[in-house]
Structures are given as structure tokens and as C-alpha cells.
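The structure appears below as C-alpha cells.
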Amino acid sequence: MNNNTYGIDFGTCNFKVFCKSTGKILNEKNTIAVINKNQIYACGDPAYAMFEKAPESIHVIFPVVSGVIADCNLLQTMIFDYLETKMRGRVKNADFIVAVPTDITDVEKRAFFDLFYKSKYRPKSVLLCEKPLADAVGLGIDVNEPTGVMVVDMGADTIEISVISLGGLVLSDLMHFGSNRLDESIISYLRKEFNLVIGKKTAKALKEELGSGLPGRQESMVVVGLDMVSGLPVERDISASVVYEAIKGNLESICTSIKLILEKTPPELARDIIHSGIYITGGGSQIADLDALFSQITNIRVNTCEDPEESAVRGLSKIASDPKYRRLPFTVKTSALK
70 MNNNTYGIDF
80 GTCNFKVFCK
90 STGKILNEKN
100 TIAVINKNQI
110 YACGDPAYAM
120 FEKAPESIHV
130 IFPVVSGVIA
140 DCNLLQTMIF
150 DYLETKMRGR
160 VKNADFIVAV
170 PTDITDVEKR
180 AFFDLFYKSK
190 YRPKSVLLCE
200 KPLADAVGLG
210 IDVNEPTGVM
220 VVDMGADTIE
230 ISVISLGGLV
240 LSDLMHFGSN
250 RLDESIISYL
260 RKEFNLVIGK
270 KTAKALKEEL
280 GSGLPGRQES
290 MVVVGLDMVS
300 GLPVERDISA
310 SVVYEAIKGN
320 LESICTSIKL
330 ILEKTPPELA
340 RDIIHSGIYI
350 TGGGSQIADL
360 DALFSQITNI
370 RVNTCEDPEE
380 SAVRGLSKIA
390 SDPKYRRLPF
400 TVKTSALK
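Read in order, the letters of the sequence shown correspond to residues 70 to 407 in our numbering.
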């Protein structure tokens, strides 16, 4: 591929873009603020700052939901605007590699392809790559080897658990809930136990600051919410133990899914996984002691990484530049699009 190449990982919460010519990675909130139904008012981090704070005239949306595109036109406008203005790259006649979830339909995968192929910029090529493979390459794993590797990608709306060997997926399970479900559980728990109504941003802050895979943390955090009895804003000190109780059930569901995949894994690949450990990545993997929880449940070492949100886009950058990964990305037949 030429230097005019972009690797793109669309997430529900953040989108990540790698530019081969500059070597830079852009990580922005995948959020768009809209006025007059279809006119973009702001996008990225500035749009996310408006979430739960905007007046009725400004509608804040997330164009990717559960790993698939919910609003193609707005997403296309946003991504090309960022490529031209923030990445300062040459978009016309460029090569694009896009990470896509495994367990989505061909129609949903085609939507990612169309986003670039049918744009006015006339790309040279558009390739798709299954996200677990991109994650593994970004984690420094040679996926072409005949060695079993388990990767758990914890996104905002989905969690994908995959076993990889010889450049392909042996097993994969896409759970249709992610770290956003943990936020919802925190909101529901505080409403039920403390008659306190908080927003999604506050719940996300509680999860990131106090969330833990195991009980025992002693920290606390002061939050502001609405008292359901008086209807007035109040401050309340929330402890880490409260947050743990709120998300415990969700974490148990994730553990169950990991165990089910391990039970289905062929013995020879299972031996490799025990030797190399389980790799966890994605923004949701940054919850404290999550690796210890998974290790406790499976009796297998769990590997974490720096900047887990960017592992897939880093993998796309390697796939774009290293010939040994040439067979990993695939395309959609253009004749099927007519």
C-alpha cells in the first residue's frame, strides 16, 4: 500500500484514525451534535461536551451503535472532515482499512465499506479487517503463527471474545453489551438504593474512578444528582464498594462468556492460551483489578496493555505496512453494491 493510507477503528464511544504518511493516531469521541435535523453543529470531543447539557434545538447523537453504523451520512461527513482538517492528509485516491466486528451481518459490514467506497473522494481501495485480528496485531502478537491466542475486546456497546490462530478466528462471541451497560447499572443502583438520579457522564466517571473487578477498594467520590424525594440537587459521597455492587452482576456475565468460549476451545489451542495468557483490550478493560478477576475465574494469566483503546488502530497500521499481514484484510465485491 502507498503512504496515502488510513486505518480506521469506529467505536461507539471513540473513533481512532491512523495516518500512514504522518504516523499519527487521532482519538476523538464518536459524537455528533446536530441542528435542523441534519446540519452538523459540532463533532468529536466538542460534541461530547454537549451531551446531556444541550438545549432541545441541539441533538447529540452517537452515529455508531452496538458496533454498527446508525447514521451513515453524518458519520461520513464527520470522518472526512477530520481526515482533511485534523489529520491534514490527502484523502482523494487514498487506501482505507477499516476494523469491523466479526459477528455482524454482511449488510452491516457493507455499510462500513460503502462509507468510503461511495464517497466523493474516490478512494483507491477500501479494505475491511476483523477487529479481533487488528487488536491482536496491535498487541504485538504474530497472528499468522499456528498458536492459539484469546483476545477479549471490551468496547462501550459490545464485548468481543475471540480465539485466534493462523490468521483467522477459530471461535468468536459478540456480547451485545459493553461498558455502557455498567454505567446504566450504576445509575439504576443509585436510584434504587439512595433515591439519587445521576447522569450518564457522572456514572461513567464513577466507573472509571471507583470501578473494580474485585471488592475491597476504599476510595470514594462526591457526585451531584437529583434527590427523588425532594426533587432538588444534592451532593452525595459514593464509595467504591457501592460501585462494585452496582456492576458486579455485569462482570459475572462477562466471566461466564469467557468460560463458555474456553470450554469450546480445542485442547491444543487451549494449551497455547494457558501458556500465553488471555489478552484484554478496549476502553472497558481499564477498570481496576479486572485482569485479577478474569485470572481468578479462569486460572489463566491475563495480559493488559498500554492505551488499550488504540490497540486495534495500531494493528491496522501494522497490517497496512507489513507484507506478512497482507491476507488479513478483505474487500466487498463492488458488483454486489450496484
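For glycine and all other residues, C-beta sits at the position ideal for the given N, C-alpha and C. Only a predicted model underlies this, so the values are computations on that prediction, with no experimental measurement involved.
| Query | Result |
| --- | --- |
| From K93, Y75, S386 and A309, residue whose alpha carbon lies closest to that of K161 | Y75 |
| Residue environment, M147, which counts as buried when at least 16 other CB atoms sit within 10 Å | buried |
| Cβ-Cβ separation, K200 to A22 (assumed contact under 8 Å), whole Å | One cannot answer for residue 22 here, as it falls past the ends of the chain, which runs 70 to 407. |
| contact_flag[the segment 151–158, the segment 305–313] where n(CB pairs < 8 Å) is 3 or more | no |
| Reduced DSSP secondary structure (H/G/I, E/B, other) of L238 | strand |
| Close-in-space but distant-in-sequence residues of the same chain around I173 (CB under 7 Å, 5 per side omitted) | G136 and V137 |
| Selected residue, minimal CA-CA separation from G80, among D391, G352, L385 and D376 | G352 |
| Beta-ladder partner(s) of P302, from DSSP | L295 |
| Proximity to P170 [Cα-Cα], best of S390, V221 and E125 | V221 |
| Enclosing alpha helix (DSSP H) for K122 [first to last residue] | It is not in any alpha helix (DSSP H) - K122 carries neither H nor E in the DSSP assignment. |
| Cβ-Cβ distance between T334 and L243 below 8 Å | no |
| C-alpha gap between G300 and K261, whole angstroms | 15 Å |
| Contact check, I94 vs F84, beta carbons under 8 Å | no |
| Per DSSP, cross-strand counterpart(s) of T350 | D222 |
| Among V133, N319 and K89, the one whose alpha carbon lies nearest that of Y258 | N319 |
| Distance between G294 and L406 (C-alpha atoms, nearest Å) | In this prediction, L406 has a pLDDT of 42, which is less than 50 and means its spatial position is unreliable; what the coordinates show is noted afterwards. Near 49 Å, if we compare the C-alpha coordinates of G294 and L406. |
| Three-state secondary structure (DSSP) of V277 | The question names Val, yet the displayed sequence has Glu at residue 277. E277: helix per DSSP, three-state reduction. |
| Assigned exposure category for K178 - 16 Cβ within 10 Å defines buried | buried |
| Contact under 8 Å by Cβ, I166 with L196 | yes |
| Whole-angstrom C-beta distance between L208 and C324, which should lie under 8 Å | 21 Å between Cβ atoms; not a contact. |
| Nearest-angstrom Cα separation, counted from N73 out to D164 | 6 Å |
| Through-space distance from F131 to I255, alpha-carbon basis | 21 Å |
| Range of the contiguous alpha helix (DSSP H) that encloses N142 | C141 to T154 |
| Distance CB(P377)-CB(S345) smaller than 8 Å | no |
| Own chain partners of T400 with C-beta closer than 6 Å, once the 5 adjacent residues on each side are dropped | L196 |
| T74 - DSSP class collapsed to helix/strand/coil | strand |
| Straight-line gap, A272 to D252 (C-alpha atoms, nearest Å) | 5 Å |
| First and last residue of the uninterrupted beta strand (DSSP E) at M374 | In the sequence under discussion, the amino acid at residue 374 is Cys, which differs from the Met named in the question. No beta strand (DSSP E) holds C374; DSSP gives it neither H nor E. |
| Candidates A118, L283 and L279, of which the one nearest M290 by Cα | L279 |
| Nearest candidate by alpha-carbon position, reference C455, set D150, L184, E288 and G247 | Examination of residue 455 is not possible in this model, given that the chain is present from 70 through 407 alone. |
| Pick from I388, Y394, Q365 and G92 that is closest to L283, judged by C-alpha positions | Q365 |
| Per DSSP, the bridge partner or partners of Q108 | I104 |
| Buried versus exposed call for T227 [16 or more other C-beta atoms within 10 Å across all chains shown] | buried |
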